[in-house]
Structure formats: C-alpha cells, structure tokens
Amino acid sequence: MADILIIDDSPTDVRVLTTLLERAGHQVASVGNAEEGIERVRSMPPALVIMDVIMPGMNGFQATRTLTRDPATSEVPIVMITTKAMETDRVWGLRQGARAFITKPVNEGELLACINQLLSSAA
Numbered sequence: 031m032a033d034i035l036i037i038d039d040s041p042t043d044v045r046v047l048t049t050l051l052e053r054a055g056h057q058v059a060s061v062g063n064a065e066e067g068i069e070r071v072r073s074m075p076p077a078l079v080i081m082d083v084i085m086p087g088m089n090g091f092q093a094t095r096t097l098t099r100d101p102a103t104s105e106v107p108i109v110m111i112t113t114k115a116m117e118t119d120r121v122w123g124l125r126q127g128a129r130a131f132i133t134k135p136v137n138e139g140e141l142l143a144c145i146n147q148l149l150s151s152a153a
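Under the working numbering, think of the first position of the sequence shown as 31, with each following residue one higher.
This is the structure we're talking about:
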C-alpha cells in the first residue's frame, strides 16, 4: 500500500496507530518529535504523514505549516490526530495545511477511509 510516517511523542499512540496501519497493509515509520519529523519528510518523503498536535518543542500546527509551505514537501498530505477536540483547533489545523483533522481516540474505520481517500486523490 503506502509508506506512512507518524510524528507523535506518545509511544502508546504510535504503537496503536502502527498496528492499525500495518494491519491495513501500509508500511509505517515513526519519529518522536516535530523537528525530526520535518527532517525525515524532507529526506525521505512518505506518501502521507500522521501528525500529533501536542508535542514538546515545535507543536504539530507549526510542523504542519512548515511542511505545507515548503515546495519540496507541500504535496505530502498530512492528517492531524489529536486530543484537541475544539472546532477552533480543527479549523486552525486545516488552515495550517492539514488535509484532515481527526480527534483521539481514533475510529479505525474513519482513519482508514480518510487515508485511502487522500492517497487515491494524490495518485
């Protein structure tokens, strides 16, 4: 299927998402902070990024803005997954360039449908 990069500082969330995505046939890599994630996307662009919002150092909003405003990485779709459930957070995430905004706990069917839609529209 697709190479997906998870940028999230929670080992538990990374494990859950990795299991779910690998079960769906995707290849998954992960990094634990936004700065490392940006470098990874620039050096080895994945088909899609799953981005947490709340992380130490640079947050997911800032990292998403950085990636989507860089011509070298702007085509990589970003799905933000977070506990931040306010409508203003969703709107802000989408304004930063995220293609989708999903709140935790993640609904497996919703996430996979979102990823499949984004990957098929990018192809």
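Beta carbons: idealized from backbone N, C-alpha and C, even for Gly.
Return the first residue and the last residue of the alpha helix (DSSP H) that residue i is part of.
| i | result |
| --- | --- |
| residue 143 | 138 to 152 |
| residue 103 | No alpha helix (DSSP H) holds residue 103; DSSP gives it neither H nor E. |
| residue 92 | 90 to 98 |
| residue 123 | 117 to 125 |
For residue i, which residues does DSSP report across the bridge?
| i | result |
| --- | --- |
| residue 59 | 35 |
| residue 131 | 110 |
| residue 44 | For residue 44, which the question treats as bridged, DSSP gives no partner whatsoever. |
Using only the alpha-carbon positions, how far apart do residue i and residue j sit?
| i | j | result |
| --- | --- | --- |
| residue 50 | residue 58 | 10 angstroms |
| residue 76 | residue 34 | 6 angstroms |
| residue 88 | residue 95 | 11 angstroms |
| residue 117 | residue 98 | 21 angstroms |
| residue 143 | residue 43 | 19 angstroms |
| residue 32 | residue 125 | 25 angstroms |
| residue 136 | residue 37 | 15 angstroms |
| residue 53 | residue 102 | 30 angstroms |
| residue 46 | residue 72 | 25 angstroms |
| residue 55 | residue 66 | 25 angstroms |
Among residues of its own chain, excluding the 5 on either side of residue i, which ones have a beta-carbon nearer than 6 angstroms to its beta-carbon?
| i | result |
| --- | --- |
| residue 120 | 131 |
Can you find the residues in the same chain that come closer than 7 angstroms, C-beta to C-beta, to residue i, ignoring five residues on each side of it along the sequence?
| i | result |
| --- | --- |
| residue 91 | 83, 122, 123 and 126 |
Need the endpoints of the beta strand (DSSP E) that residue i sits in, please.
| i | result |
| --- | --- |
| residue 68 | From DSSP, residue 68 is part of no beta strand (DSSP E) but of the alpha helix (DSSP H) over 64 to 73. |
| residue 79 | 78 to 81 |
Query raised in the report: Contact between the region 98 to 116 and the region 69 to 88: three or more CB pairs below 8 angstroms?
Result: At 8 angstroms Cβ cutoff, the stretches touch.
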